[in-house]
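Okay, structure first, notes after.
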Amino acid sequence: MNREFKLLGEHLQKTIIPSSLTGKTTTKSDSLFRSYVLSNNDLSADSLVVYLTTKRVDSLEINAKKYKAFSDIGLVKKQIETILCSNSKATIALLIDPPSTAISSQLTITDIQQNCNMSTLTVQAVGGNGSPIMYGIDGLSSGQLSNKLTLPKDMRNGKSFAVFAMQKGQRVRKQFTTSCPLTSPQGTVEESSTISRRTVVSRRWTRVAGSNFCVGSCILAYTEKDNLGNTRERRVDNYAGCCPANN
359 MNREFKLLGE HLQKTIIPSS LTGKTTTKSD SLFRSYVLSN NDLSADSLVV YLTTKRVDSL
419 EINAKKYKAF SDIGLVKKQI ETILCSNSKA TIALLIDPPS TAISSQLTIT DIQQNCNMST
479 LTVQAVGGNG SPIMYGIDGL SSGQLSNKLT LPKDMRNGKS FAVFAMQKGQ RVRKQFTTSC
539 PLTSPQGTVE ESSTISRRTV VSRRWTRVAG SNFCVGSCIL AYTEKDNLGN TRERRVDNYA
599 GCCPANN
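Numbering (the numbering used here), first residue to last: 359 to 605.
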């Protein structure tokens, strides 16, 4: 990489590299970088060129100004050539790997997926300044590193709330409404007499077609319907009311 920069400098002979700003990421270096940008009022958004060897972001924002960032040395060279073609006396600052706290983009929640079987939400967020992202639901948690959030039972269906993602210096929210309708398994005519605890059977009997409840000697037959709309046929043997002696 040093050889590439040497050739770049020889070719342009205009490149300024503030060596004090190429050190490790520290609070001091971050402050120094901000001061440098503020003190050089002739640095426009085009004449400060940022080259990143460790991260890939589109822009760097400082003091409400955005500067384009490059991760390809060829694009850096092309950008500097463009500046000099526009103004041969331009002051150019080439900044290599500035403090990571100065590199940022807008943190954005891009997607929220609900898993009805697991009762969870999975949150996807992009952007930010590279620091860890915390996820949570407003009013329920202060944040967690995992982007998979557990939903309480009373919030699984038809509840609206704000999901948040946050990191140092940024906190964003996105509204979400849950949708997991409660369903019960449908019964069939052949189903056994065991009835789900959620099923309530009507106490009113209905005659089986072609019968007067009694379908044979001492045999009672009827149909019943539960609260889910399922119909079952029931047969009771040795039912006294259907025995010949009682008719």
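All residues carry an ideal CB built from backbone N, CA and C; glycine is no exception.
Taking 8 Å as the cut-off, the Cβ atoms of T466 and V481 do not count as close. Annotated as proximal: V521 and K532, with beta-carbon spacing under 8 Å. Its Cα nearest to that of G497, the residue M513 stands out among N487, L406 and M513. Of the candidates I454, D455 and I438, I438 places its Cα closest to the Cα of A448.
The C-alpha of L503 is placed about 15 Å away from the C-alpha of V530. Between I491 and the set N475, G527 and N515, the nearest pair of CA atoms involves G527. Straight-line spacing of the CA atoms in R593 and I577 works out to 7 Å. Look at L479 here: in three-state DSSP terms it is strand. Counting C-beta atoms within 10 angstroms of its own C-beta, K436 has fewer than 16 neighbours from the protein chains shown and is therefore classed as exposed. Nearest neighbour of T535 by Cα position, chosen from I495, V573 and Q525, turns out to be I495.
Within the DSSP bridge table, the entry for K583 names T589 as partners. G516 carries a coil assignment under DSSP once its states are collapsed to helix, strand and coil. Residue pairing of K532 in beta bridges, as defined by DSSP: V521.
For L433, the uninterrupted alpha helix (DSSP H) segment begins and ends at I431 to S444. Burial check for N588: the Cβ neighbour count within 10 Å reaches 16 or more, so the residue is buried. Take F428, set aside five residues on each side of it, and the residues of its chain with a beta-carbon closer than 8 Å to its own are V407, V408, Y409, L410, V434 and Q437, in chain order.
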